[in-house]
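Numbering (the working numbering), first residue to last: 523 to 689. Virtual Cβ for every residue (Gly too), placed ideally from N, Cα, C. Quick caveat: nothing in here was measured; it's all calculated off a predicted structure. Shown next, in structure tokens, is the structure this report addresses.
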């Protein structure tokens with residue numbers, strides 16, 4: 523099933539829910555949910571192959587120089603910081619999207635822990651809170667984190683996925 527939907531995650535999740543009643547995540551590279559790092563590795567490999575084939579003087583460094591894979595998430599978050607973060611008592615609007623694409627919107631204060639939103643989400647969906655994992659830009663979000671500590675901006679979305687259990 524996974525190989526049939528390699529680039530079609532939305533339909534993969536729907537098909538897996540119909541087939542198995544849950545979504546089985548599979549990553550053949552073994553880097554669970556680390557898409558930013560995989561993209562960076564692929565970009566470096568492409569740049570190196572272009573350099574071998576055409577020489578370094580013909581490879582535009584402005585296009586092909588990337589941050590290290592470990593800095594990819596940090597660079598996304600630093601771009602958010604440039605856009606500005608509001609004060610603690612101003613609310614932030616964000617949404618949580620499940621594996622089937624259904625979206626639930628939330629508004630909380632910037633210093634409120636994400637755990638409160640996660641508990642409300644689980645209650646609305648009728649799912650045990652401990653069965654869910656929440657991701658922001660591919661990174662797992664912990665209950666004690668706040669929108670400010672995550673450097674979130676308005677109208678961002680988090681992904682909610684069922685936690686992997688068993689094999």
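Rounded to the nearest whole angstrom, the CA to CA distance from residue 612 to residue 629 is 10 angstroms. Residue 621 and residue 685 have their alpha carbons spaced roughly 12 angstroms apart.
Sequence-distant partners of residue 663 (beyond 5 residues in either direction) whose C-beta falls short of 6 angstroms from its own C-beta, in its chain, are 636 and 656. Spanning the alpha carbons of residue 647 and residue 566 requires a straight line of approximately 41 angstroms. Around the beta carbon of residue 680, a 10 Å sphere encloses 16 or more other beta carbons of the protein chains shown; the residue is thus reported as buried.
Residue environment for residue 627: exposed (fewer than 16 other C-beta atoms within 10 angstroms of its C-beta). Rounded to the nearest whole angstrom, the CA to CA distance from residue 619 to residue 580 is 43 angstroms. Annotation: residue 622 is outside any beta strand (DSSP E) and is labelled neither H nor E by DSSP.
Residue 631 is not a Cβ neighbour of residue 677, given a cutoff of 8 angstroms. The three-state secondary structure of residue 649, taken from DSSP, is coil. In the three-state DSSP reduction, residue 654 falls in the strand class (E or B). According to DSSP, residue pairing for residue 628 in a beta bridge involves 616. Straight-line spacing of the CA atoms in residue 669 and residue 675 works out to 8 angstroms. Residues 635, 636, 637 and 640 of the same chain have their beta carbon placed closer than 8 angstroms to that of residue 665, with the five preceding and five following residues left out of the count. Around the C-beta of residue 652, fewer than 16 other C-beta atoms lie within 10 Å, and the residue is accordingly described as exposed. DSSP, reduced to helix, strand and coil, places residue 565 within a helical segment of the structure shown.
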